[in-house]
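Colleague: Protein chains in written order, with this note's numbering: chain C, 116 to 714; chain P, 38 to 302. Where is the CB? At the ideal position from N, CA and C, for every residue including glycine. Keep in mind the model is a prediction, meaning the values are calculated, not measured. One structure, pasted below without further comment.
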């Protein structure tokens, strides 16, 4: 595979000159590739790759970085269902070459996703047959993709460099076959390759049917078997480098985890022989095991503040009654969450569309306006002078105040209590899942809109242990870590909401923004095991919300429980409670929220 | 004749994609106000110019913007040496003399401005000039047409329900690939292969609509790229300056679009 370092890839990573078939419209030279840069690592290229994939196929690719291969082998891309795993880097490819390789690899995987069929059952196929069928399938989807987008050939062909050798091995023959199928004008003297090529191109009218790959690959596997060529299924690496490991094409029976194969994180990039054992999954990803939100060790929490609590019976606050304890949030698997957000892409776009245009800031005076509440004295004088001297006066003689900028801090406070484990009577979905989904969607929309925001979660275990989790800080960019912490939320303990409100408000009070928004997402009635009076915590929360409003903090509540109207209205005020029972309602809710915030 | 400059002398090229011409003619015959909906650069303005030519009508076009006031549409008193003199606005001109009044991008105008068209769009067909104390009855030939770009990003910027419900609407989109290629080839004067290629490239950028781009490359942009090709510019440079650089400032998007263009050739 190291021969690939000598590929005929141009220095700047540009695709080669255009197919003369399109003559008359000029040579295509992508010399501008270097101009747009982007680096050669997956993390720097990720956005660009996502855009590239979307532009080509109209469907945003779901890209993830693959865990490092423990044996340090040459890595390949991989896919499983819609998830595409790319290596963090391609060793030996730097600068524009690296970028070119990532583009080629992504285009190849997307050709599979677009033109491939269901997974092939591996059944009792030999590793060599699996490799060959995969190879034919690779060529089939590439040819289908090139029908619509002929330029894709320029992305792929430079990597096909296998030449005839004196003593062919199974691996070298396969690499040559791959080249012969993708570059039909490339001459190869081998009889087996000639036969393969004939079979493959004879099937051209039926290329749309993946079963042909299975048939042709099976036939070729028998021939190759009769040549008595060694094939090491364990060490086999798919060539050339831009092709994926073909794991996503196969359905290995007896693995037991096939049910999850659409959403599961795929296996490392190596073709496993079908020896009856389930494919080895290598080291599990770091974040795979879901840890409970609450550390077992109570000392892991740090008490950070004491807050009073309002007792409605005595009509007075009990000083220093509750203790707020901060805990490290657990990390969960953000994979399913990312998949969900991916599906809700249109919702996100609608939310950004709602949030972004809202103007929330101090209003500024606009002078020389055609209409307004007051005269702009200077303009009015000029106009009068013009009038007296017989000139046409400028009619724009008013001033008005308008909000033009945006200056807003948002704190999302999530209810992490046990009751969120209940299922919603409307959708049957777990309330906590809806809450996490809503928070993640809001967070992405806020991030896109450029608002400063933080995410906190709380639950409580009596008055001296109100637990507070920092999911995301104001200064921290919203990214994978914050989403892992979100996904790690587990509904536990009770809902002593007043203390959490007071602390979140104290955090917001320190922000220097024109408007400060505390957005509480909760499912239900506040409760704690040391409180029997149902009204007590409701009244306390109401007291806390009022105090925050006095300090200029807008407190809004998104209620996930359709029946919670009474006490939510009591706590926050009817105008400040919005109900969301399905995630699809979130954009409407965001619109209502921002309208109430700006009027 | 006052509106003689507003007649369209030569036939503007328009390639029908459906029954929009028949529908418009029927709406015109009944003088029903018409709303042309569709993304930018898909041929709304060209269509109305073509119809004005076909029906042999003068057309008064107003590009709406958010600082536009009702008097910009209707008219205002101006000062001259002897006092004040009334000056008809474009809408009033069209109403008096029986032209097609085309209000382009009507959502850009403020809602209090938009309501002045209400009395013109029902069976009353009148335009009250409040400041002048005059009630202008519409000429029999007057026809009101507005255009409207229903982007999903404009949830907060929409027509009032009472305005919407006065219109018939004809929906425009980017035409089918073959038809669009025919249009690009005709307008830019390039060969059918090059035009088809430009349309394939355009579809790549339309795929990014809502995924980074607010709108993909319009037919108008494809025609621009074609005209540059015709002028001898290389395809790569033509796509870059006509299709990629104008629509985004994001370097990742530009890089991706450039790579996607390479995949089409």
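Select from the segment 247 to 261 of chain P all residues with a C-beta closer than 7 Å to any C-beta belonging to chain C, and list them in chain order.
Modeller: Listed in sequence order: 247, 248 and 249.
Colleague: Going by C-alpha distance, which of C:649, C:228, C:630 and C:304 is nearest residue 664 (chain C)?
Modeller: Minimum Cα distance to residue 664 (chain C) is reached at C:630.
Colleague: Give, in chain order, every residue of the segment 214 to 237 of chain C whose Cβ lies closer than 9 Å to some Cβ of chain P.
Modeller: From the segment 214 to 237 of chain C, only 214, 215, 218 and 222 have a Cβ closer than 9 Å to chain P.
Colleague: Below 8 Å between beta carbons is the criterion; list the residues of the segment 257 to 286 of chain C that meet it against any residue of chain P, in chain order.
Modeller: Answer in chain order: 263, 264, 265, 266, 267, 269 and 270.
Colleague: Where does residue 155 (chain P) sit, in a helix, a strand or coil, going by DSSP?
Modeller: Correct three-state label for residue 155 (chain P): helix.
Colleague: Please list the partners that residue 241 (chain P) has in chain C, where partner means a Cβ-to-Cβ separation under 7 Å.
Modeller: Simply 170 and 171.
Colleague: Going by DSSP, name the residue or residues bridged to residue 236 (chain C).
Modeller: BP columns for residue 236 (chain C) point to C:366.
Colleague: Under 9 Å between C-beta atoms, does residue 795 (chain C) make it to chain P?
Modeller: Lying before the first or after the last residue shown, residue 795 (chain C) is absent from chain C, which here runs from 116 to 714.
Colleague: Nearest CA to the CA of residue 258 (chain C): which residue from C:230, C:238 and C:281?
Modeller: Comparing Cα positions, the closest option is C:230.
Colleague: Assign residue 300 (chain P) to one of three DSSP states: helix, strand, or coil.
Modeller: The answer is helix: DSSP assigns residue 300 (chain P) an H, G or I state.
Colleague: Determine whether the Cβ of residue 145 (chain C) lies closer than 9 Å to any Cβ atom of chain P.
Modeller: Residue placement at residue 145 (chain C) cannot be trusted, given a pLDDT of 40 that sits under 50; what the coordinates show is reported in the next sentence. Closer than 9 Å: yes.
Colleague: Along chain P, in chain order, which residues have C-beta atoms closer than 8 Å to that of residue 175 (chain C)?
Modeller: Those are 248, listed as they occur along chain P.
Colleague: Counting beta carbon pairs with one atom in the segment 282 to 292 of chain C and one in the segment 258 to 273 of chain C, are three or more of them shorter than 8 Å?
Modeller: No, the segment 258 to 273 of chain C does not touch the segment 282 to 292 of chain C.
Colleague: Can you give the Cα-Cα distance for residue 398 (chain C) and residue 235 (chain P), rounded to whole angstroms?
Modeller: At residue 398 (chain C), the pLDDT of 41 sits below 50, so the modelled position is not reliable and the matter cannot be decided from this model.
Colleague: Looking at chain C, which residues of the segment 270 to 301 of chain P have a Cβ within less than 7 Å of any of its Cβ atoms?
Modeller: Under the 7 Å Cβ criterion, the segment 270 to 301 of chain P contributes 271, 272, 273, 277, 288, 289, 290, 291, 292, 293, 294, 295, 296, 297, 299, 300 and 301.
Colleague: Nearest chain P C-beta to residue 162 (chain C) closer than 9 Å, yes or no?
Modeller: Chain P, which has a Cβ nearer than 9 Å to the Cβ of residue 162 (chain C), makes this yes.
Colleague: Nearest to residue 257 (chain P) by CA position, among P:279, P:46 and P:168, is which residue?
Modeller: Out of P:279, P:46 and P:168, P:279 has the C-alpha closest to the C-alpha of residue 257 (chain P).
Colleague: What's the gap between the Cα of residue 311 (chain C) and the Cα of residue 218 (chain C)?
Modeller: Roughly 28 Å separates the two Cα atoms.
Colleague: For chain P, find out if any of its Cβ atoms is closer than 9 Å to the Cβ of residue 460 (chain C); answer yes or no.
Modeller: Yes, its Cβ sits closer than 9 Å to a Cβ of chain P.
Colleague: Does DSSP classify residue 263 (chain P) as helix, strand or coil?
Modeller: Helix.
Colleague: Determine which residues of the segment 63 to 80 of chain P have a Cβ less than 9 Å from any Cβ of chain C, and write them out in chain order.
Modeller: Correct list: empty, as no residue qualifies.
Colleague: May I have the straight-line CA-CA distance separating residue 222 (chain P) from residue 77 (chain P), to the nearest angstrom?
Modeller: C-alpha separation (whole angstroms): 20 Å.
Colleague: Please return the same chain residues whose Cβ sits closer than 6 Å to the Cβ of residue 87 (chain P), not counting the five positions on each side in sequence.
Modeller: Contacts found: 49 and 51.
Colleague: Sort out for me which residues DSSP pairs residue 192 (chain C) with in a bridge.
Modeller: Its beta-bridge partners do not exist; DSSP assigns none.
Colleague: Using the three-state DSSP reduction, which class does residue 670 (chain C) fall into: helix, strand or coil?
Modeller: Strand.
Colleague: Okay, do the segment 444 to 456 of chain C and the segment 465 to 484 of chain C touch, 3+ Cβ pairs below 8 Å being the bar?
Modeller: Contact between the segment 444 to 456 of chain C and the segment 465 to 484 of chain C is absent, because fewer than three Cβ pairs lie under 8 Å.
Colleague: Let me check you understand the geometry: is the CB of residue 71 (chain P) closer than 8 Å to at least one non-hydrogen atom of the ligand ZN?
Modeller: The ligand ZN is not among the ligands present in this structure, which contains no ligands whatsoever.
Colleague: Classify residue 618 (chain C) as buried or exposed, calling it buried when 16 or more other Cβ atoms lie within 10 Å of its own Cβ.
Modeller: When all chains shown are included, residue 618 (chain C) counts as buried.
Colleague: Between residue 60 (chain P) and the rest of its own chain, which residues show a CB-CB distance below 7 Å, the 5 nearest in sequence each way excluded?
Modeller: Closer than 7 Å at Cβ, skipping near neighbours: 207.
Colleague: Which residues share a DSSP beta bridge with residue 138 (chain P)?
Modeller: Looking at the DSSP assignment, residue 138 (chain P) forms a beta bridge with P:97 and P:181.
Colleague: Quick check on DSSP: helix, strand or coil for residue 160 (chain P)?
Modeller: Coil, per DSSP.
Colleague: DSSP state of residue 311 (chain C), grouped into three classes?
Modeller: Residue 311 (chain C) falls in the helix class under three-state DSSP.
Colleague: Step through the CB atoms of chain P and report whether any lies within less than 9 Å of the CB of residue 507 (chain C).
Modeller: So yes, residue 507 (chain C) belongs to the interface.
Colleague: Rounded to the nearest angstrom, what separates residue 324 (chain C) and residue 526 (chain C) at their Cα positions?
Modeller: Cα to Cα, residue 324 (chain C) sits roughly 53 Å from residue 526 (chain C).
Colleague: Have a look at C:555, C:302, C:366 and C:605 and flag the residue whose alpha-carbon is nearest the alpha-carbon of residue 598 (chain C).
Modeller: The option with the nearest alpha carbon to residue 598 (chain C) is C:555.
Colleague: Residues in its own chain within less than 7 Å of residue 318 (chain C) by CB, not counting five upstream and five downstream?
Modeller: Once the five neighbours on either side are set aside, the close Cβ partners of residue 318 (chain C) are 327 and 331.
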